[in-house]
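Participant:
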């Protein structure tokens with residue numbers, strides 16, 4: 059292994075807290091045999107605290123848009139279709155099991171939120187809330203209260219039930235000024 063490659067690996071180790079794929083005894087052994095390796099892989103630990111460079115980036119200055127309302131209305135019909143498609147596709151053949159439903163509420167919430175964010179609706183915060191329960195001769199009332207601007211903020215809801223479970227999915231779209 060050449061001296062320039064070894065120096066480069068040493069600088070990376072000092073700068074980033076990296077670990078080389080070849081130890082020092084392995085480097086010497088490979089040089090002794092006559093086989094040199096041109097590349098060396100490293101694992102960087104830049105995300106760990108204390109290993110960052112002390113160079114601070116200047117904050118990005120954003121200019122005000124002075125936009126107080128949305129440019130276009132929130133697409134409720136599209137969101138209703140997304141709610142119906144996702145909830146029905148995930149729960150159509152499922153039976154109620156407490157642990158499964160706990161995981162499914164998280165999964166369904168994330169899928170709904172991702173599909174709505176794919177619509178690229180600017181300046182709206184999306185909140186997704188999914189409730190599931192066993193369907194067994196009981197009643198349940200789900201309520202929500204929100205403080206918002208009725209001209210720009212909105213919500214969508216979809217209720218689903220099969221033979222063994224019920225689910226209610228709510229999406230709140232709050233305009234972010």
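In our numbering, the protein residues as written are 59 to 235.
Glycine included, C-beta positions come from ideal geometry on N, C-alpha and C.
Can residue 141 and residue 190 be called in contact, C-beta distance under 8 Å?
Facilitator: Your numbering for residue 141 matches position 83 in the chain shown. Your numbering for residue 190 matches position 132 in the chain shown. Result no, Cβ atoms of residue 141 and residue 190 do not sit closer than 8 Å.
Participant: Use the C-beta contact count for residue 214: other C-beta atoms within 10 angstroms, 16 or more gives buried, fewer gives exposed.
Facilitator: By one-based count along the chain shown, residue 214 stands at place 156. Residue 214 is buried by the Cβ-count criterion.
Participant: Short of 7 Å in beta carbon distance, which residues of its chain neighbour residue 144, apart from the five on each side in sequence? Order them along the chain.
Facilitator: Here residue 144 corresponds to residue number 86 of the chain shown, with the count starting at 1. Here the set comprises 166, 169, 170 and 173.
Participant: Taking Cβ to Cβ, would you say residue 231 is nearer than 8 Å to residue 216?
Facilitator: Walking along the chain shown from the start, residue 231 turns up at place 173. Walking along the chain shown from the start, residue 216 turns up at place 158. The answer is no: Cβ separation not under 8 Å.
Participant: Let me make sure I understand the geometry here. Which of 181, 208, 152 and 219 has the alpha-carbon closest to that of residue 125?
Facilitator: Within the chain shown, numbered from 1, the residue matching residue 125 stands at position 67. Ranked by Cα distance from residue 125, the options 181, 208, 152 and 219 are led by 181.
Participant: Taking the C-alpha atoms as reference points, what is the distance between residue 178 and residue 115?
Facilitator: Taking the chain shown and counting its residues from 1, one reaches residue 178 at position 120. Taking the chain shown and counting its residues from 1, one reaches residue 115 at position 57. One C-alpha to the other measures close to 29 Å.
Participant: Could you say which of 120, 175 and 187 lies nearest to residue 225 if we only look at CA atoms?
Facilitator: The sequence position of residue 225 within the chain shown is 167, counting from 1. Per the Cα distances, 187.
Participant: Could you compute how far the alpha carbon of residue 128 sits from the alpha carbon of residue 138?
Facilitator: Walking along the chain shown from the start, residue 128 turns up at place 70. Walking along the chain shown from the start, residue 138 turns up at place 80. Rounded to the nearest angstrom, the two C-alpha atoms are 20 Å apart.
Participant: Roughly how many whole angstroms lie between the Cα atoms of residue 146 and residue 200?
Facilitator: For this step, residue 146 is matched to residue 88 along the chain shown. For this step, residue 200 is matched to residue 142 along the chain shown. When rounded, the distance between both Cα atoms is 20 Å.
Participant: Below 8 Å between beta carbons: does that hold for residue 149 and residue 218?
Facilitator: Sequence index remark: in the chain shown, residue 149 carries index 91 (1-based). Sequence index remark: in the chain shown, residue 218 carries index 160 (1-based). Contact: yes.
Participant: Could you check the C-alpha separation between residue 207 and residue 156 for me, to the nearest Å?
Facilitator: Stepping through the chain shown from its first residue, residue 207 is reached at position 149. Stepping through the chain shown from its first residue, residue 156 is reached at position 98. C-alpha separation (whole angstroms): 37 Å.
Participant: With DSSP as the reference, please indicate the residues paired to residue 179 in a beta bridge.
Facilitator: Taking the chain shown and counting its residues from 1, the one referred to as residue 179 is at position 121. Its beta-bridge partners do not exist; DSSP assigns none.
Participant: Take the Cβ of residue 229 as the centre, count every other Cβ of all protein chains shown within 10 Å, and call the residue buried at 16 or more, exposed below.
Facilitator: Start at 1 with the first residue of the chain shown, and residue 229 comes out as number 171. Classification of residue 229: buried, given that the 10 Å Cβ count is 16 or more.
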